[in-house]
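Engineer: Structure below; questions to follow.
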Amino acid sequence: MILVTAATGNVGSATVAALVARGLAVRAASRAATPVAGAEAVALDLADPATWEGALGGVRGTFLLIPPGLGGRPLLPFLARARGFGAGPFAFLSVQGAESSRLVPHRAVEDALTAGPRDWTILRPGFFAQNLGDAYGRDIRDDSRLHVPAGRARVAWTDARDLGEVAATALAEPEAHAGAAYPLTGAESLSFAEAAAIMSDTLGRPVRYEPAGALGYLRHLRRRGTPWVQALVYLRLHVGLRWGEGDRPTPDLGRLLGRAPRTLGD
């Protein structure tokens, strides 16, 4: 049985689908035990230890990510309990650049994983293409704009469905991926202006890229109701793009998929 945390999110649901397609038994965890096709649904709140035992029993592989707004450190007690249950190996969805920055909450989880047994694979994706429908979706829908503090940065956009396939591979073939940390990006590097142009063509209406200032963007997120921890992570990641943190495509995603990664146009 493989446990998938945050199983109703973009990457979580893609991971469940990829594992089910391999014929593996999957336990799909979410706070409300929301049904997910092909999987056993279970209630799991990473901030509530009372829900952990029911989710971890009989598990021999765990896909782990930080739910929006939670932060990294509340995940550490869950990881320790999961190791006590023998619920490894673990595939952890981190972020690009976590290995060089202690300002992102994913770094604390990476440190906890690497300090223990070699029962982990770390996935460090670039910016999700699905952000266009989620994190940026309201701005695009209501104001026809991409509004982020990224300046003229370019981004090697990553599709969440590709990440789900790679996570499933890491959990289904742990011997081949134990102790590995993979930078995972798409194969093309595009600016936010180019992304807006692709969206304009797809939607049949203009979408513009409107660069934001750092403080203005933080205020914008808070007005949208984004929790402080999540807002600060978004700010750090977008500002980091100005220094080239997300602009270079890496070969690992295509190599692990055995095909070309999906493009932003896809």
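Read the sequence shown against our numbering and you will find it ends at 249, with the numbers running on by one and no gaps.
We treat Cβ as the ideally placed atom computed from N, Cα and C, and that holds for glycine.
Predicted model only: the values in this text are computed from it and were never measured.
So, is residue 197 buried or exposed, given that buried needs 16 or more other C-beta atoms within 10 angstroms?
Structural biologist: Result: exposed.
Engineer: Of all the alpha helix (DSSP H) runs that stay within the bounds of the segment -10 to 53, which reach a length of 4 or more residues?
Structural biologist: Runs found: -7 to 4, 35 to 39.
Engineer: Does the separation of the CB atoms of residue 88 and residue 222 fall below 9 Å?
Structural biologist: It is not a contact, given that the beta carbons lie outside the stated cut-off.
Engineer: Would you mind sorting residue 31 into buried or exposed? The rule is 16 or more other CB atoms within 10 Å of its CB.
Structural biologist: With fewer than 16 Cβ atoms within 10 Å of its Cβ, residue 31 is classed as exposed.
Engineer: So, using beta-carbon positions, are residue 106 and residue 62 closer together than 9 Å?
Structural biologist: Taking 9 Å as the Cβ cut-off, residue 106 and residue 62 do not qualify as a contacting pair.
Engineer: Starting from residue 87, follow the beta strand (DSSP E) in both directions and report where the run begins and ends.
Structural biologist: Neither: residue 87 is in no beta strand (DSSP E) and is coded neither H nor E.
Engineer: Between the C-alpha atoms of residue 11 and residue 57, what's the straight-line distance to the nearest angstrom?
Structural biologist: Roughly 20 Å between the two C-alpha positions.
Engineer: Under 8 Å: do the segment 182 to 201 and the segment 154 to 171 share three or more Cβ pairs, one atom per stretch?
Structural biologist: The segment 182 to 201, when compared against the segment 154 to 171, does not touch it at the 8 Å Cβ threshold.
Engineer: Residue range of the beta strand (DSSP E) that residue -13 falls in?
Structural biologist: Where residue -13 is concerned, the enclosing beta strand (DSSP E) stretches over -15 to -13.
Engineer: So, helix, strand or coil for residue 238, using DSSP?
Structural biologist: Reduced to three states, the DSSP call for residue 238 is helix.
Engineer: In chain order, what residues of the same chain lie with their CB nearer than 6 Å to the CB of residue 23, ignoring the 5 residues before and after it?
Structural biologist: Taken in chain order, the residues that qualify are 10.
Engineer: Identify, in the order they occur along the chain, each residue of the same chain with its Cβ nearer than 6 Å to the Cβ of residue 47, setting aside the five sequence neighbours on each side.
Structural biologist: Hits under 6 Å: -12, 73, 75.
Engineer: What does the alpha-carbon distance come out to for the pair residue 118 and residue 246?
Structural biologist: If I take the Cα positions, the gap works out to 19 Å.
Engineer: Assign residue 83 to one of three DSSP states: helix, strand, or coil.
Structural biologist: Looking at residue 83 - three-state DSSP - the assignment turns out to be helix.
Engineer: Could you give the distance in angstroms between the alpha-carbon of residue 200 and the alpha-carbon of residue 238?
Structural biologist: Roughly 36 Å between the two C-alpha positions.
Engineer: Measuring CA to CA, which of 64, 83, 108 is closest to residue 235?
Structural biologist: It is 108.
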